[in-house]
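Just below is one structure, and these are the notes that go with it.
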Amino acid sequence: MKKYLLIGVLSLNLLISCNLGFSGTLGGGNVYRFDCDKNQLNFYLDSIEKNNVSLRIPEDWKMYDDWDETGYSFLQGKIFYINEKNVNVEEMYYVSVIPPLEKTTTAGVSIRSVFRAKEYLLGWKTFEDLPRSEKKEIEERFKNRVLSQLPLKILSVEEK
Numbered sequence: 000m001k002k003y004l005l006i007g008v009l010s011l012n013l014l015i016s017c018n019l020g021f022s023g024t025l026g027g028g029n030v031y032r033f034d035c036d037k038n039q040l041n042f043y044l045d046s047i048e049k050n051n052v053s054l055r056i057p058e059d060w061k062m063y064d065d066w067d068e069t070g071y072s073f074l075q076g077k078i079f080y081i082n083e084k085n086v087n088v089e090e091m092y093y094v095s096v097i098p099p100l101e102k103t104t105t106a107g108v109s110i111r112s113v114f115r116a117k118e119y120l121l122g123w124k125t126f127e128d129l130p131r132s133e134k135k136e137i138e139e140r141f142k143n144r145v146l147s148q149l150p151l152k153i154l155s156v157e158e159k
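So, in structure tokens, the structure goes:
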């Protein structure tokens, strides 16, 4: 009996160490790098969030902004609301700033999670769990609606 218990524990340990989605990390989409530090990029993203009314979380969706309560406050994430009626898209993107690469000043930003309000999809989905075709569409909307408003040019894109 102890032998089977030991085999079970070792198997579970192996699965967890192989990073099969049990680690509790968010992962993320493409990382868009800019020639600025993390603080500057956070400032610019905060400015977009404050100054663009169409990207603010609607009052009836604010209850879904529970990232701090669920232990992700360390990411200092931002949420952008995207509503494109012409393609029937209404969603929120939880994004966070990625620190610069070693010995550079190129901070980045990445979509970590997407919120959908459709009945069968209600809730936050990690970006990595979305189908590839949807990821591409979401990345395009993010670039066009949010990143295009930054006073910085994208230096590089680390595709995931």
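Here numbering that gives the first Met the number 0 is used: position 72 in the sequence shown is 71, and no number is missing along the way. We put the beta carbon where it would ideally sit given N, CA and C, even for glycine. What you are looking at is a predicted structure, and each value in this text was computed from that prediction instead of being measured.
By DSSP, does residue i sit in helix, in strand, or in coil?
| i | result |
| --- | --- |
| R140 | helix |
| R55 | coil |
| N82 | strand |
What is the C-beta distance between residue i and residue j, in whole angstroms, given that I count them as a contact (C-beta under 8 Å)?
| i | j | result |
| --- | --- | --- |
| V94 | R111 | 6 Å |
| Y71 | I81 | About 20 Å separates the two Cβ atoms, so there is no contact after all. |
| T104 | D34 | 6 Å |
| A116 | E136 | That pair is no contact at about 16 Å. |
For residue i, count neighbouring C-beta atoms within 10 Å of its own C-beta (all shown protein chains included) and say buried if the count is 16 or more, exposed if not.
| i | result |
| --- | --- |
| V52 | exposed |
| N143 | exposed |
| R131 | exposed |
| K77 | buried |
Contact criterion: CB-CB distance below 8 Å. Does residue i meet it with respect to chain D?
| i | result |
| --- | --- |
| L129 | Looking for chain D here will not work: only one protein chain is present. |
For residue i and residue j, what's the separation of their Cα atoms in angstroms?
| i | j | result |
| --- | --- | --- |
| L74 | S147 | 22 Å |
| N85 | P98 | 35 Å |
| L40 | E157 | 17 Å |
| F79 | K102 | 30 Å |
| L121 | L151 | 34 Å |
| Y43 | V113 | 21 Å |
| K49 | I56 | 10 Å |
| R140 | T69 | 26 Å |
Could you give the residue range of the alpha helix (DSSP H) that holds residue i?
| i | result |
| --- | --- |
| S95 | Premise fails: S95 lies in the beta strand (DSSP E), V88 to I97, not in any alpha helix (DSSP H). |
Where do the ends of the beta strand (DSSP E) carrying residue i lie?
| i | result |
| --- | --- |
| F114 | G107 to R115 |
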